[in-house]
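Below is one structure; the comments refer to it alone.
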Amino acid sequence: MTPKIKTNWHLYTPDLEISFPKMKSWVEEDNSLMNRLRLLETKIDLIVLDEQICKHHDAQTSAEPVLGNLRRILLKSDHNLVFAESFFSQDVIKEFAKFGRLEEEPLGKYLFSDSNIKKHETYIADYELDDQAFLGRKCIYSYNDQKFSVIEVFLFNE
126 MTPKIKTNWH LYTPDLEISF PKMKSWVEED NSLMNRLRLL ETKIDLIVLD
176 EQICKHHDAQ TSAEPVLGNL RRILLKSDHN LVFAESFFSQ DVIKEFAKFG
226 RLEEEPLGKY LFSDSNIKKH ETYIADYELD DQAFLGRKCI YSYNDQKFSV
276 IEVFLFNE
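Numbering (this note's numbering), first residue to last: 126 to 283.
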């Protein structure tokens, strides 16, 4: 149940034409996606698909593969809503140990309540799952200057 990336990541700017114009407000959302989704859905489940310490490479956060916690989750109601992937290097985990093992906790619980976390740039890419096209965003954050990434693939098109 992992969407496949179909395009390269592109740095997002508000004037950029995107593949799914109706999704613009979701790409620009600077608050908890879970909170916004709760305005649309009465019950949302967070399902951990995988969480493990492994080597991972993200071109926007490191020049080469690094060891860290890679977590993949699915947010769903009676249908799939968002596939998300976050990666926290060992350097980030040293700064904030909880990022070493989030399990079923929503990441937004920390992203929007800890003043040490800063949001930097946002990237977008097209994804595909079960022959359907979707938009994904990758947000780059830092915790005390240690960068990490959060990818969210919106499994709907408003």
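Cβ atoms here follow ideal geometry from the backbone N, Cα and C, with glycine treated the same way.
The beta-bridge partner set that DSSP reports for Phe224 is empty.
DSSP places Asn160 inside the alpha helix (DSSP H), whose first and last residues are 158 to 163. Exposure of Val173 is indicated by the presence of fewer than 16 other C-beta atoms within 10 angstroms of its C-beta. Only residues of its own chain outside the window of five on either side were considered, and among them Met159, Leu171 have a CB closer than 7 Å to the CB of Pro231, listed in chain order.
Taking each of Gly233, Asp140, Phe212, Glu253 in turn and checking the Cα distance to Val191, the smallest one comes out for Phe212. C-alpha of Lys243 to C-alpha of Ser157: approximately 14 Å in a straight line. Take Ile130, set aside five residues on each side of it, and the residues of its chain with a beta-carbon closer than 6 Å to its own are Ala250, Tyr252, in chain order.
Residue pairing by DSSP places His181 opposite Val191 in a beta bridge.
The count of Cβ pairs closer than 8 Å, one atom from the region 212 to 225 and one from the region 254 to 264, stays below three, leaving the stretches out of contact. Here Asp216 carries a helix assignment [DSSP, helix/strand/coil]. Per the DSSP secondary-structure output, Ile249 pairs in a beta bridge with His135, Arg262. For Lys149, the enclosing alpha helix (DSSP H) covers residues 149 to 152. In the three-state reduction of the DSSP assignment, Leu236 falls in the helix class.
Going by C-alpha positions, His245 is about 22 Å away from Ile198.
Per DSSP, Ile143 lies in no beta strand (DSSP E) and is assigned neither H nor E. A straight line joining the alpha-carbon of Ser202 with that of Tyr137 spans about 28 Å.
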